[in-house]
Amino acid sequence: MKDELRTFFRYNTGLLLFGLVFSFFSSFGQTFLLSLYVPSIAELLGTGNTGVGTIYAVATIASALTLPWLGGYFDKTDIRRYSRMVVLGLALALLFMSFARHLVMVLIGFYGLRLFGQGLMSHTSMSAMAKYFNKNRGKAISIGALGFSGGEAVLPIVITVLIGAVGWRWALRLSAANCVLIILPLTAWLLKLSKQTIRLNRMETQSAGAGTSEQGVKHILFDKRFRVISPIVFMLGFTNTAIFFFQLKLGAARGWTPEWVAGSISVFAIAGATGMLGTGPMVDRFTGKRLFPYFLILYLAGLFLLIRYSQPWVYPAALILIGLANGSGNTIRDAMVAEIYGIDMIGRVRSIFITVMVASTALGPVTFGILLDMNLTFSTVFTAVFIAMLLSMLNGFRRL
Numbered sequence: 004m005k006d007e008l009r010t011f012f013r014y015n016t017g018l019l020l021f022g023l024v025f026s027f028f029s030s031f032g033q034t035f036l037l038s039l040y041v042p043s044i045a046e047l048l049g050t051g052n053t054g055v056g057t058i059y060a061v062a063t064i065a066s067a068l069t070l071p072w073l074g075g076y077f078d079k080t081d082i083r084r085y086s087r088m089v090v091l092g093l094a095l096a097l098l099f100m101s102f103a104r105h106l107v108m109v110l111i112g113f114y115g116l117r118l119f120g121q122g123l124m125s126h127t128s129m130s131a132m133a134k135y136f137n138k139n140r141g142k143a144i145s146i147g148a149l150g151f152s153g154g155e156a157v158l159p160i161v162i163t164v165l166i167g168a169v170g171w172r173w174a175l176r177l178s179a180a181n182c183v184l185i186i187l188p189l190t191a192w193l194l195k196l197s198k199q200t201i202r203l204n205r206m207e208t209q210s211a212g213a214g215t216s217e218q219g220v221k222h223i224l225f226d227k228r229f230r231v232i233s234p235i236v237f238m239l240g241f242t243n244t245a246i247f248f249f250q251l252k253l254g255a256a257r258g259w260t261p262e263w264v265a266g267s268i269s270v271f272a273i274a275g276a277t278g279m280l281g282t283g284p285m286v287d288r289f290t291g292k293r294l295f296p297y298f299l300i301l302y303l304a305g306l307f308l309l310i311r312y313s314q315p316w317v318y319p320a321a322l323i324l325i326g327l328a329n330g331s332g333n334t335i336r337d338a339m340v341a342e343i344y345g346i347d348m349i350g351r352v353r354s355i356f357i358t359v360m361v362a363s364t365a366l367g368p369v370t371f372g373i374l375l376d377m378n379l380t381f382s383t384v385f386t387a388v389f390i391a392m393l394l395s396m397l398n399g400f401r402r403l
């Protein structure tokens with residue numbers, strides 16, 4: 004498999020690196036990274052965690068409602084022009100947040116970061132992998148998605164050091180400069196390098212009959228396939244975000260040190276990368292439809308550990324299982340969406356599912372916050388999540 008991946012990467016280097024770069028820097032809008040700014044923003048606004056969580060939830064829901072509109076343009080716009088728009092939008096959002104002085108500016112800043120970072124950067128990356136590959140779609144998605152794990156492993160350390168050295172505002176400004184001075188020219192060069200690859204892969208995909216007739220948003224939302232897939236997408240985003248948003252509070256409740264909790268994120272990233280790479284060839288062999296939703300068994304096992312045990316080893320062990328489930332699940336889901344709906348409307352369909360995911364990431368922290376403020380234990384909350392995810396998995400076995 005290593006030789007196969009090496010050969011595949013060599014012939015598609017530019018396009019695969021484009022997907023990897025976009026998934027890596029989508030971290031600028033992901034909860035695990037934005038949570039590092041929360042204490043400073045809470046101090047700025049003079050509010051507690053619940054207040055910041057509510058602002059974050061409102062901004063995230065607003066970004067989710069915008070995604071189907073902007074995400075759908077991926078199907079109609081040249082990828083070079085579309086990716087340039089996304090990177091510049093992210094840079095502006097980072098810069099705007101760095102000058103935030105009051106609640107409204109923080110709300111707009113979070114909105115832009117969630118929309119262009121978590122939403123459109125990841126959407127562009129995975130849509131490109133699904134659209135421009137056919138028989139190797141699983142491998143392409145798994146390689147492109149490695150950036151998510153890379154961002155989780157590297158950027159929290161970098162941003163923490165920057166905040167400590169120059170403050171949270173300049174950390175945001177330096178991130179914005181990185182978008183303009185590094186990401187923008189790098190992705191433009193990678194796409195120029197990939198022009199021939201995109202054309203050949205596009206011809207191969209079209210000849211395989213992977214396109215489909217165009218369907219409206221209303222038709223997709225009321226389709227049975229959406230009702231099978233969306234609950235799982237929702238539960239994954241809901242639970243992932245809530246766990247990371249309250250991970251320090253979870254650690255304090257269980258007697259784990261902040262250093263232990265923060266260090267455990269690296270095993271989550273490694274497990275996610277392992278799940279992605281391991282699942283890609285399996286998707287190409289068996290298809291995403293046949294592998295869905297078995298990956299949730301690993302996630303349920305991770306939740307069981309968090310419910311049942313409280314020793315320090317539990318957190319990294321649970322994150323390994325959850326990371327494997329997330330990594331494999333992302334590859335399976337994105338390949339399956341292309342298999343079911345076709346590539347001609349991949350941007351529209353993926354943006355709708357990302358809307359579900361982003362909305363769930365807004366509701367996760369605020370729901371956990373409310374339940375924890377009611378003095379429910381983490382074990383009780385995780386038990387409720389376990390039951391909801393189990394029901395989602397059983398629903399996912401319905402025929403697509």
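Adding 3 to a residue's 1-based position in the sequence shown gives its number in our numbering. We put the CB at the ideal spot given by N, CA and C, even for glycine. If you're wondering where the values come from, they're calculated on a predicted model, not measured in any experiment.
Residue i versus residue j - alpha carbon distance
{"i": "Ser-2", "j": "Arg-401", "result": "Outside the displayed range of the chain (4 to 403) lies residue 2, so it cannot be described from this structure."}
{"i": "Ile-373", "j": "Val-388", "result": "14 Å"}
{"i": "Lys-138", "j": "Ala-276", "result": "21 Å"}
{"i": "Leu-322", "j": "Ala-272", "result": "9 Å"}
{"i": "Arg-86", "j": "Leu-189", "result": "For clarity, residue 86 is Ser in the given sequence; the question names Arg instead. When rounded, the distance between both Cα atoms is 11 Å."}
{"i": "Phe-298", "j": "Ala-320", "result": "16 Å"}
{"i": "Phe-248", "j": "Leu-37", "result": "9 Å"}
{"i": "Thr-53", "j": "Ala-245", "result": "13 Å"}
{"i": "Ser-30", "j": "Ala-156", "result": "10 Å"}
{"i": "Leu-394", "j": "Lys-198", "result": "44 Å"}
{"i": "Thr-260", "j": "Arg-84", "result": "46 Å"}
{"i": "Asn-2", "j": "Phe-356", "result": "The structure shown does not extend to residue 2, since the chain is modelled only from 4 through 403, so no value can be given for it."}
{"i": "Tyr-76", "j": "Arg-353", "result": "12 Å"}
{"i": "Lys-134", "j": "Thr-358", "result": "19 Å"}
{"i": "His-222", "j": "Phe-289", "result": "28 Å"}
{"i": "Ile-185", "j": "Ala-191", "result": "10 Å"}
{"i": "Leu-73", "j": "Ile-325", "result": "30 Å"}
{"i": "Arg-351", "j": "Leu-224", "result": "12 Å"}
{"i": "Ala-143", "j": "Arg-293", "result": "18 Å"}
{"i": "Val-161", "j": "Lys-227", "result": "43 Å"}
Close-in-space but distant-in-sequence residues of the same chain around residue i (CB under 7 Å, 5 per side omitted)
{"i": "Leu-253", "result": "Phe-381"}
{"i": "Ser-216", "result": "For Ser-216, the predicted structure reports a pLDDT of 49, less than 50, and the residue's modelled location is therefore unreliable. A value from the coordinates is still provided. Nothing meets the Cβ criterion."}
{"i": "Val-89", "result": "Phe-119, Leu-123, Met-124 and Thr-127"}
{"i": "Ala-391", "result": "Met-238"}
Backbone secondary structure at residue i - three-state DSSP
{"i": "Asn-139", "result": "coil"}
{"i": "Ser-363", "result": "helix"}
{"i": "His-105", "result": "coil"}
{"i": "Ala-133", "result": "helix"}
{"i": "Val-296", "result": "It is Pro, not Val, that sits at residue 296 in the sequence shown. Coil at Pro-296, not helix or strand."}
{"i": "Ser-26", "result": "helix"}
{"i": "Ser-197", "result": "coil"}
{"i": "Pro-261", "result": "helix"}
{"i": "Lys-3", "result": "No information on residue 3 is available, as it lies outside the stretch 4 to 403 that the chain covers here."}
{"i": "Met-348", "result": "coil"}
{"i": "Asp-226", "result": "coil"}
{"i": "Thr-16", "result": "helix"}
{"i": "Thr-69", "result": "helix"}
Beta-carbon contacts of residue i that lie in its chain and below 8 Å, excluding the five residues immediately before and after
{"i": "Leu-91", "result": "Cys-182, Val-183 and Leu-187"}
{"i": "Leu-375", "result": "Phe-249, Lys-252, Phe-381 and Val-384"}
{"i": "Leu-193", "result": "Gly-17, Leu-18, Leu-20, Phe-21 and Val-24"}
{"i": "Phe-99", "result": "Met-108, Ile-111, Gly-112 and Gly-115"}
{"i": "Ile-349", "result": "Phe-77, Asp-78, Ser-130, Ala-133, Lys-134, Val-340 and Ala-341"}
Same chain only: Cβ atoms within 6 Å of residue i, ignoring 5 sequence neighbours per side
{"i": "Leu-41", "result": "Per the sequence shown, the amino acid found at residue 41 is Val instead of Leu. Closer than 6 Å at the Cβ level, and outside the excluded window around Val-41, lie Val-55."}
{"i": "Arg-257", "result": "Ser-313"}
{"i": "Met-396", "result": "Pro-296 and Leu-299"}
{"i": "Ala-60", "result": "Ala-365 and Val-369"}
{"i": "Ser-101", "result": "Arg-172, Leu-175 and Arg-176"}
{"i": "Met-129", "result": "Asp-337"}
{"i": "Thr-10", "result": "none"}
{"i": "Leu-97", "result": "Leu-175, Ser-178 and Ala-179"}
{"i": "Leu-306", "result": "Phe-385 and Phe-389"}
Cβ-Cβ separation, residue j to residue i (assumed contact under 8 Å), whole Å
{"i": "Leu-301", "j": "Leu-327", "result": "5 Å"}
{"i": "Phe-12", "j": "Ile-146", "result": "7 Å"}
{"i": "Ala-338", "j": "Gly-150", "result": "That belief does not hold up - the Cβ atoms of Ala-338 and Gly-150 are roughly 17 Å apart, past 8 Å."}
7 Å Cβ cutoff, residue i in contact with chain D
{"i": "Arg-202", "result": "No chain D is present in this structure, which holds just one protein chain."}
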